[in-house]
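*Asks:* Residue numbers (our numbering), protein chains in the order written: chain Y, -12 to 838; chain D, 187 to 285.
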Amino acid sequence: MIAIDFAFPLANGLHARPASLMQEACLPFASVCRFRNLRNGRHADARSVLELVASDTAAHDACRLEISGADEKKAGRALRAFLRQDLPRADDDLPTPAFATVQTAWLPPVFQHGAVSVLPGRALAPGIGSARALVLQKTRMVALGFASGKKDAKKELRLFQDACREVEAELRSQAAAAKNATAAAIMKAHLAIVSDPGFRERIIGLISRNKMPAGAAIAKTTLVFCGILRRSASAYLRERAGDLEDIAARLGEKLYGHLAPGSPHPERGPRVHKGQRPHGPQVVVAASLTPSELLALDRRRLRGLVLGDVGLTSHTAILARAFAIPTVALPAPAIKEVSAGEELTVDGQRGLVCRKPGPALKRYYRLERMKLRLQAGQLAALRGRPAQTADGLRIEIAANIGGSKELAGVWRHGAEAIGLFRTETLFLERETAPPEDEQFAAYHQVAISAKGRPVIIRTLDIGGDKPLPYLSLPQEENPFLGYRAVRFYAEQPELVKSQLRAILRAARHGNLKIMVPMVSGLQEVRLVRRLLTEAADELRLRKIPHAPRLELGIMVETPAAALSLDHLGKEADFFSIGSNDLLQYFLAVDRGNARLNALYDPLHPAFLRLLFQVAGQARKAKRWLGICGEMAANPEYLPLIIGLGFDELSMAAPAIPLIKERIAKLDGEACRALLRRVMHCTEAAEVAALLKEFNGRGRAAGVIGAGLVRLGSASRTAAEAIKELCDLMELDGRVDNASALEEAVWKREETFATDLGLGFALPHGKAATVRTSSVAFLRPRQPMRWGGKSSAPVRAVLLIAIPATTKGEEHLKLIARLSRRLMHEDFRETLLAAKDAKTVLAAIRTCLAAK
Amino acid sequence: MKIVAVTACPTGIAHTYMAAEQLEKTARQLGHLIKVETQGAMGIENKLSAADIQGADLAIFAADIAVQNRERFANLKIVEVAVQDAIKNPAALFNGLAE
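#1: Does the separation of the CB atoms of I322/Y and G291/Y fall below 8 Å?
#2: Report the three-state DSSP secondary structure of S195/Y (helix, strand or coil).
#3: Considering only DSSP beta bridges, list what P767/Y is partnered with.
#4: At a Cβ cut of 7 Å, what residues of the segment 745 to 771 of chain Y count as close to chain D, listed as they run along the chain?
#5: Since M810/Y meets chain D, which of its residues come closer than 8 Å, beta carbon to beta carbon?
#6: Who pairs with L244/D in a beta bridge, going by DSSP?
#7: Give the single residue among T169/Y, S195/Y, G202/Y, A235/Y whose Cα lies nearest to the Cα of V843/Y.
#8: Just by C-beta distance, which residues in the segment 218 to 230 of chain D are closer than 9 Å to chain Y?
#9: If the cut is a Cβ gap below 7 Å, which residues of chain Y does T197/D touch?
#10: With A206/D and T197/D assumed to form a contact (beta carbons below 8 Å), what rounded beta-carbon distance in angstroms separates them?
#11: Would you check if there are 3 or more beta carbon pairs closer than 8 Å linking the segment 47 to 57 of chain Y to the segment 436 to 449 of chain Y?
#12: Which runs of the alpha helix (DSSP H) spanning at least 4 residues fall entirely within the segment 358 to 434 of chain Y, listed in chain order?
#13: Pull up the distance between the alpha-carbon of N167/Y and that of I789/Y, whole angstroms please.
#14: Please determine, among D(-8)/Y, R34/Y, K61/Y, the residue with the shortest C-alpha to C-alpha distance to L460/Y.
#15: Please tell me whether A404/Y and V442/Y are closer than 8 Å, where the distance is taken between their beta carbons.
#16: Name the two residues that bound the continuous alpha helix (DSSP H) containing P546/Y.
#17: So, are the CB atoms of M204/D and M810/Y less than 8 Å apart?
#18: Which residue or residues does DSSP assign as beta-bridge partners of P107/Y?
#19: Going by DSSP in three states, V325/Y sits in which element: helix, strand or coil?
#20: What residue does the alpha helix (DSSP H) around P626/Y start on, and which one ends it?
#21: Roughly how many angstroms separate the alpha carbons of A672/Y and V576/Y, rounded to a whole number?
#22: So, with DSSP's three-state summary, where would you put E50/Y?
#23: Measure the alpha-carbon distance for S104/Y versus P320/Y and round it to whole angstroms.
#24: Name, please, each residue of chain D whose Cβ falls closer than 8 Å to the Cβ of I789/Y.
#25: Using a Cβ distance threshold of 8 Å, determine whether the segment 475 to 493 of chain Y contacts the segment 508 to 527 of chain Y, with at least three qualifying pairs required.
#26: Drop a sphere of 10 angstroms on the beta-carbon of L918/Y, count the other beta-carbons inside from all chains shown, and report buried for 16 or more, exposed for fewer.
#27: Considering Cα atoms alone, identify which of Q432/Y, P780/Y, A708/Y, V690/Y is closest to C834/Y.
#28: Leaving out five residues on either side along the sequence, give the residues of the same chain with a beta carbon under 6 Å from the beta carbon of R808/Y.
#29: Let me know the beta strand (DSSP E) ranges lying completely inside the segment 561 to 604 of chain Y, each 3 residues or longer, listed in chain order.
#30: So Q270/D contacts chain Y; which residues on that side make the cut at Cβ distance below 7 Å?
#31: If you count every other CB in all the chains shown that lies within 10 Å of the CB of L745/Y, and 16 or more means buried, which is it?
#32: Return the first residue and the last residue of the beta strand (DSSP E) that V784/Y is part of.
#33: Return the CA-CA distance between L875/Y and V506/Y, expressed in angstroms with no decimal places.
#34: Work out the CA separation of L380/Y and M174/Y for me, nearest whole Å.
#35: Under a Cβ-count criterion, where at least 16 other Cβ atoms within 10 Å of its own Cβ denotes burial, should D714/Y be classed as buried or exposed?
#36: Does any C-beta atom of chain D lie closer than 8 Å to the C-beta of S806/Y?
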């Protein structure tokens, strides 16, 4: 028997997707593979997705795979490779459950006006949606008889297996037809459940041995697995119970027709209460809604979802986010209060539902929607725009991919290039090497899809951990320090040249480059150069069209390479740091070892010094420098990355929009200054503290900007004006969360109203959400009553936002000066008479600049 | 008249300084000498010295929170008003002092 110990690498634990990958990895072998969770003692057949999921494995759990059988050695090698390479990446494009929500229970005063009834819940998908309620009936499991009508186990079994086949076929075609990648992935996860041996064999056993009706067997098995899942420590795993119930319902539907428990009716539409108007925009209210039921709803009319006890990472919630349907989960008693046909506003920002919102609240939500629309526009604009710092430094943002399947998501997220195309998938899990034409097809597809954008293809990066039957690599004690990647190219020139030929051919159709992994010396690069020349010569001889030359880069992942860029630059056109491996080789820390987690820190001062040196050498050698490890995708590290002067950052595609947004707010010179300070730090914690301070300070320049002035506002009340001003602050990147500022401002306003009796109101707040002290100015179309006893109507509002900690805040002085200046009539008149935002800005800036 | 004053409001961001400015401006117009200490978010600024206080005829506190180091003014007549009053109607405040 072979035992492999590992720490579970994924943050969401062992859920359906990694479990189905693990199952796939075990399937080719005859050996028995058992998965053990050493933390909780649970074990599972590694071929059963459900048993794996039910093992309740969380991030960092100590785990063991035990493999025994005739081909255990082969299986062991393959699974070791799987655990090392594929498993940690299984969630790379999982839609992140984190989205910007309002993290406060506080509600603005406008919610207390009139007869609004507010039902607090949890936000599952962001956005605001208003429409009449369409209430769907709750279904229950009911006792079911024999599907065949009589107690005939054989017949019952056949019917069950027919039902399984039908559901499988349905799911397969739904997955293939799904336009939305998330929906397709969920259908595939459901397919894994229905085909799961643990699930199916238990049902078959109950039918054939215990002579149970198929429905009862399904219900019982579902109950057992749901029970295990619901007891799980991980919220994500608990929510997989909903998927299981969905499958059970679909099977029931096939066996019994629409009488089955919780059966969805994709063709017939949702179950609707009598007397409800089924047309027009609607907010669907359902205590439970399975993913397939959600897919069956008419999404053109769907403005929002109000669900019962559903979690953030349930597939129903994931789908709602993928389709951008504002969704809120309400506790069981609250959801019953909603009656069919009444108007609802679903607030997926705050996580609440308003029944019968009045005009004031509707106006308030109109502002909220406007902000969300503007924010979406900002993100969309970022997607199309190249990444650039506030002071105009251009940085290319690229995506890492493992296969052509990921291409669509890459461009949708706004990648400007592919910085790392891992080609290993083309070579794994096959008996013979992939023919050149097959490789060409894959590279060609990427080249076409990139439409001229650069694509960096990493040449074969395989070692003893990933055994290939057609490539006899020795079994090694430590394959990560072994005979791998470029190190075996000399012995396998034909294999490497087939890849190079395929790339050379595809490069006629796009901007392809190659990158060589695991380089530790110049002779390795010279070897690849030679192979590249030979490959091109062979193509010429065979008269096959190909690109005349290819840029050749080096993946900098060994310390040896990192310290010899000046030499390597003689043969290489570019460098890209593989920060994950470079860090583990440099610090001598195995990144898969949970005990060493704390040591595997990219902020280690020695590592930052190494990067500093590498960046300097790359500049000296006049070669561009990229980075394609996880470090590049972390927005917290970004100031250091910018300070180091990388030309390109490559990351998992979903990380791209946020990174672009953050880059736009950074100042290159400030980042370099930070880096100089960091170079003197003696430990990682010190670096982290400096970074935290830097990131907290925010990069918005000055206390006011063009985005913070609004003239001719439609706001009619203090509530609207304050909301609008706080939103301006958020849109301008001054505060992270407008609502948190709004709360602070209202708390201040409650001690006494801040109108001065001079036609001006000066609301202000101090809050942690404020990145940098700022003022925003608003002039309403019509003078408004502020709410204080002051008789003078307010004609201008100046909102001041101050960070929670203001030590050494230069901006405070400016705001004090501005406040003093407002006591002078001439200044007030200028602000009131100004014809445009530019004049307002100029007046305020002059005041701030005065001594 | 020689006047010393302290302004202080809960957040110390805007009203403290508006009240100070208003007091200084109005005192100048009315021909009084005034020195205003602000107790705001930036701490105590334009601090009143013992000599300032000793030489003054009276003190004005325009404050919505407790004035720091209040004992300094033990031997002085103190007129206390809300910050709002100093901002909205400083003339009335000074007229009151004359009586």
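Beta carbons: idealized from backbone N, C-alpha and C, even for Gly.
Please read all numbers here as calculations on a predicted model, not as lab measurements.
*Replies:* According to the structure data:
#1: no
#2: helix
#3: S700/Y
#4: L749, H751, K753
#5: M204, E207, Q208, K211, I273
#6: I189/D
#7: Residue numbering for chain Y in the displayed model covers -12 to 838; residue 843/Y lies beyond these limits and cannot be assessed.
#8: T224, G226, A227, M228
#9: R735, H751, K753
#10: 15 Å between Cβ atoms; not a contact.
#11: no
#12: 394 to 399, 411 to 414
#13: 42 Å
#14: K61/Y
#15: yes
#16: 546 to 549
#17: yes
#18: L339/Y
#19: coil
#20: 625 to 631
#21: 18 Å
#22: Correcting the residue type first, residue 50/Y is Cys in the shown sequence and not Glu. Strand, per DSSP.
#23: 14 Å
#24: T197, I199, A227
#25: yes
#26: The structure shown does not extend to residue 918/Y, since chain Y is modelled only from -12 to 838, so the question has no answer here.
#27: V690/Y
#28: F814, C834
#29: 561 to 564
#30: F739
#31: buried
#32: 783 to 790
#33: Past the boundaries of the shown model lies residue 875/Y; chain Y is included only from -12 to 838, so the question cannot be answered.
#34: 43 Å
#35: buried
#36: yes
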